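Take a look at the structure set out below.
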Amino acid sequence: MEMSGEYRIEASREKVWDGLNDPDILKQAIPGCDEIERLSDTEMTAKVTVKVGPVKASFTGQVTLSDLDPPNSYRISGEGKGGAVGFAKGGANVRLESDGDATILFYEVDATVGGKLAQLGARLIDGTAKKMAGEFFSNFAEAVAGSAETAGEAAPAAAAPSAAAPGAATGPVIDVGTWIGGLVVAAVVLLALIAG
Amino acid sequence: MSETGIGAAVRRVEDKRFLTGRGKYIDDIDQRGQLYAWMLRSPHAHARINGVDTATASQAPGVVAIFTGADMAADEVGGIPCAWQIHNKDGSPMHEPPHPPLAVDKVRHVGDQVAVVIAETKAQARDAAELIAVDYDVLPAAIDMDLALADNASLVHDDVPNNLCFDWEIGDKDATEAAFAKADHVVSIDIVNNRLIPNAMEPRAAIAQYEPSNGNYTLHTTTQNPHVIRLLMGAFVLQIPEHKLRIIAPDVGGGFGSKIFHYAEEAILTWASAKVPQPIKWTAERSESFITDAHGRDHETHAELAMDKGGNFLGLRVSTKANIGAYLSTFGAAVPTYLHGTLMAGVYTTPAIYCEVKTVFTNTVPVDAYRGAGRPECTYLLERLVTKAAREIGMDPVEIRQKNMIQPDQFPYQTPVALEYDVGNYPASLDTALQASDYAGFEKRRAESESNDKRRGIGISTYIEACGIAPSAVAGALGARAGLYESAQVRVHPTGSVTVYTGSHSHGQGHETTFAQLVSESFGIPIEQVEIKHGDTGEVQFGMGTYGSRSIAVGGPAILKACNKIIDKATKIVAHILEASESDIEFKDGKFTVSGTDREMAFAEVSLAAYVPHNYPIEELEPGLDENAFYDPLNFSYPAGCHICEVEIDPETGDVDITNFTAVDDVGRVINPMIVEGQVHGGLAQGIGQALLEGCVYDDSGQLLTGSYMDYTMPRADNLPNLNVGTQSVLGASNPLEVKGVGEVGAIGSPPAVINAILDALAPLGVDDISMPATSAKVWQAIQNA
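Chains as they are written, first to last, in the numbering used here: chain A, 183 to 378; chain B, 231 to 1016.
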């Protein structure tokens, strides 16, 4: 499976940073996410339950970041195992570009699925992955906004795809970018897993 | 003739149980203390196995045992054998890499089995399988045949260079080159015969049982040939002698070739049943069938036809690459060679033919015989090429065929590719089909379609096939590792009813009716007095099973031979009782008569006398009326015929509507015309399915993308027109029943008729090629690209 896209994220860097480091928010944002754990700056694991077409399974995914070129680009690769349902592995090349106060995230994902995932769901993977990526960004934006606005007042959660993202390029941006990549990968690779 | 004898359209006696849900398939059978097996299968097309950790899984609820390839290897279990050995052009034998039942060092296709979990319930076995941790080192997969043959390809079997199983040839290369050298026209074609997935209605299943008190094994399995499984598994894999191994194939829900082969699961279960030791049942899920039942077809061919100025065929040159999958299946090596290359003459007098076949290992499911097996691939190639040749030299496709056909007075006809056709009348089949399809009125229908903005086309296929497999000596000379005769036992009971034990196996063909008709005809008794038994090596003396349209052509004469032995013996008994000379005894309509007198004995009176031998020639004859016969055919039989397909295509959508399909088949003597028609219908559905709908697709990494009915399209009733089916028979000359076989003709003859019709319809738009399956998307795209 191959898919690419871009996402414009508008939010303060601090909010994004907090959100990206808040396992609860990540868990909210990734569709079907049961568990997420950050192991280090370049590694995390996630457990996601997904139903794609006729296949429903719980996947354990590991995501690793490499080729780091802060704050411009990196490669994020992951592998998820869904037991008897098969496996998914793949990666994404993620590139960030500043656009005023916002950030545009470009991603190119390539993923392979195997076993029953491929046998039953190959045709559904592209659509499911796109849908899940969209849900992820939308959830993430909402979650970040919600936690920041604290007291009650759901921020007029705004039009669909608005998520937080890294702005200017200073120190921690690397991490932020990394984690956004991680999220996208988690979403897409796990989607792929699931979709299979 | 008896009312239920040869030629009568008797209703199928087996249908009562099939249609009322009283058939007994393996999944309907349960044994006391039965456990369930689940196969852990590779999700990778190609990977090295570094280790299989079963520790956690072994502790799972209900688990009785888990076995891996290492366990079977430690027991010195043999590999799954191939029953046919092919030799390379240089005379060296083909590569036969090991095929362990459970993978040992590597997995070689998605679905390859890595471990078997045996538990108290199927769900427990399946859940436990998820807990097995297999450490795979994933390797690049060899999928595309050209890439698999390349020097840098990943090797499916480490010791098979370039993944080339064998490089075979047939025919006279020099004579063929000479024919091309003097040709006025050379027409060439590149053709893919699409890979198919068999999809029998009943998935494969088995129950293995071991009796510790006497060391006997019983395996119920969905097979087309129980004795062949007993031989292959007993002698080559598990070293169990015949008398300790019983194979039972009860009602089997369709095979189409895919249940000929000895599959790993049979050996795994049988072996494990002695380890446990309790009966073990395994039933494939449909998803498993897609990735473990041997697939069919999958050829890529370049062919050239040389002609003189008048369109007479001078020579044919064929170069085929055949995908054989990850392992050599039972008949995998025979299909692209002796069931394919030997048919390259078709129904034509082409004097010089050369065919070479490279067979390639890939990381896909093994490829083996599937309804037609080699002959559909050959027929598709020839009939597309001949039609293209007609178009290129501006000749009518009927005329080019008539001009080059073997004529009725040329039989027996020795082809340049080994076979000798015994008898036939190809021009007659063609003429009958032209009339039945109103070929003459086609242009008028085409004009009508065009006035409705539709495109209409008509396509012809004049095919021949070789079935009645096979004369053992010939098959042996060509590499078969078995004889291909058939066996029958005819047991007449004291009151005149008859039980027939046949080595053929019925899994939808209607043998219980057709064979009973033979006996009804022979003995002049009603069909209700005859019972056909098959499918149990503990009951049936021997057999080679059902495939290659061989049951009536080889199994039938065996029954006839045994019936004749019965009549000979009965004649002696009658002569004694009626105090007449044997030569004066006549047998007709179920009665033995002393000719010229009114002294007679009914069939049942004779059988009673045989079992109550009070007045009996006991010094010359044994009591009883029970005879055995083996029949080895003298030649293949050669069904042939003409299929004509007419299509109407909507150029806006690419939708292909088959408006008329005519099949005129020469199947020799027809025993039951209704069953023959049904067999042709089924074959046509599969052939039309291949032409329009079915196609197996792997991605580059070896994942099967068409692994369910969401992505693999089987033909349905609404994809088929009313089929205009008839026979135009010349009686067979190579067996005493004068039959030829009918099981495969529909699937062999029809695909090129469909594609030729589509190309005829689209030719005015500039479309000159389309590949199978010609889906509406593909047809629409071809129109856009033209």
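All C-beta atoms in this analysis are idealised placements derived from N, C-alpha and C, irrespective of residue type, glycine included.
Please read these numbers as outputs of a predicted model, since none were measured by experiment.
Check, Outcome
"Do B/G602 and B/C585 come within 8 Å of each other at the CB atom, strictly closer than that value?", "no"
"Do B/I583 and B/T406 have their CB atoms nearer than 8 Å?", "yes"
"Which ranges would you report for the beta strand (DSSP E) in the region 242-281 of chain A if only whole runs of at least 3 residues count?", "255-263 and 269-281"
"Please work out which residues of its chain come closer than 8 Å, Cβ to Cβ, to B/D626, disregarding the five sequence neighbours upstream and downstream, and give them in chain order.", "A620"
"Answer with buried or exposed for B/R1020, where buried requires no fewer than 16 other C-beta atoms within 10 angstroms of its C-beta.", "Chain B is shown from 231 up to 1016; residue 1020 of chain B falls before or after that span and cannot be answered."
"Flag B/I427 as yes if its beta-carbon sits less than 8 Å from any beta-carbon of chain A, otherwise no.", "no"
"Hey, how far is the Cα of B/L611 from the Cα of B/A533?", "8 Å"
"Taking the alpha carbon of B/L249 as the reference point, which residue from B/L855, B/G738, B/N954 and B/T892 has its own alpha carbon closest?", "B/G738"
"When Cβ atoms are compared, which residues of the region 324-353 of chain B fall closer than 8 Å to chain A?", "V340"
"Here's a check: name, in chain order, each residue in its chain whose Cβ is nearer than 7 Å to the Cβ of A/A342, leaving out the five neighbours to either side.", "Caution is warranted here: a pLDDT of 33 is assigned to A/A342, below 50, making its placement in the model unreliable, and no coordinate value can be reported."
"State the start and end residues of the unbroken beta strand (DSSP E) segment that holds B/D397.", "L394 to G401"
"Of all the CB atoms in chain A, is at least one closer than 8 Å to the CB of B/F772?", "no"
"Between the region 269-282 of chain B and chain A, which residues of the former have CB atoms less than 9 Å from a CB of the latter, in chain order?", "L270, R271, S272, P273, H274 and A275"
"Is there a C-beta anywhere in chain A that falls below 8 Å from the one on B/M183?", "Residue numbering for chain B in the displayed model covers 231 to 1016; residue 183 of chain B lies beyond these limits and cannot be assessed."
"Return the CA-CA distance between B/K539 and B/R899, expressed in angstroms with no decimal places.", "40 Å"
"Taking CB distances under 8 Å as the criterion, tell me whether A/Q301 reaches chain B.", "yes"
"Ignore the nearest five residues each way along the sequence and tell me which others in B/T531's own chain have a CB closer than 6 Å to its CB.", "I421, T550 and L611"
"Going by beta-carbon coordinates alone, are B/G485 and B/A783 separated by less than 8 Å?", "no"
"B/N965 and B/P701: beta carbons closer than 8 Å?", "no"
"Against chain A, does B/S288 count as a neighbour if the rule is that its beta carbon must be under 8 Å from one of theirs?", "no"
"Which residues in chain A have a C-beta closer than 8 Å to the C-beta of B/S517? List them in chain order.", "K298, Q301 and L302"
"Sorted by chain position, which residues of the same chain lie with C-beta nearer than 6 Å to B/A1097's C-beta, five sequence neighbours on each side aside?", "Nothing about residue 1097 of chain B can be reported from this structure: the residues present for chain B run from 231 to 1016 only."
"I need the straight-line Cα distance from B/N429 to B/T453, nearest angstrom please.", "14 Å"
"Using a C-beta to C-beta distance shorter than 9 Å, which residues of chain A count as neighbours of B/Q454?", "Ordered by position in chain A, no residue passes the 9 Å Cβ test against B/Q454, which lies about 26 Å from the chain."
"Could you tell me which of B/D257, B/I296, B/K795 and B/V548 sits nearest to B/D856, measuring between CA atoms?", "B/K795"
"In the structure shown, what three-state DSSP assignment does A/A340 receive?", "Here the model assigns A/A340 a pLDDT of 34, short of 50, so the residue's position is not dependable, and the following value carries that caveat. In this structure, A/A340 counts as coil in the three-state DSSP scheme."
"Quick test of the definition: if touching needs 3 or more C-beta pairs under 8 Å, does the region 860-870 of chain B touch the region 815-829 of chain B?", "no"
"Is the beta carbon of B/I1029 less than 8 Å from the beta carbon of B/K684?", "An answer regarding residue 1029 of chain B cannot be provided, because it is not within the stretch 231 to 1016 covered by chain B."
"For B/S980, which option in B/M269, B/H873 and B/A502 has the closest C-alpha, if you only look at C-alpha atoms?", "B/H873"
"How would you label B/K818, buried or exposed, when you count the other beta carbons within 10 angstroms and need 16 or more for buried?", "exposed"
"Have a look at the DSSP bridge pairing and note the partners of B/I583.", "B/L546"
"Would B/H274 be called buried (16 or more neighbouring beta carbons within 10 Å of its own) or exposed?", "buried"
"Have a look at B/K403 and B/K802 and give me their C-alpha separation to the nearest angstrom.", "58 Å"
"What is the rounded straight-line gap between the Cα of B/V877 and the Cα of B/Q632?", "23 Å"
"Where do the ends of the alpha helix (DSSP H) carrying B/E680 lie?", "F672 to S681"
"According to a CB-to-CB cut-off of less than 7 Å, which residues of the region 264-294 of chain A neighbour chain B?", "G265, A266, G268, F269 and T294"
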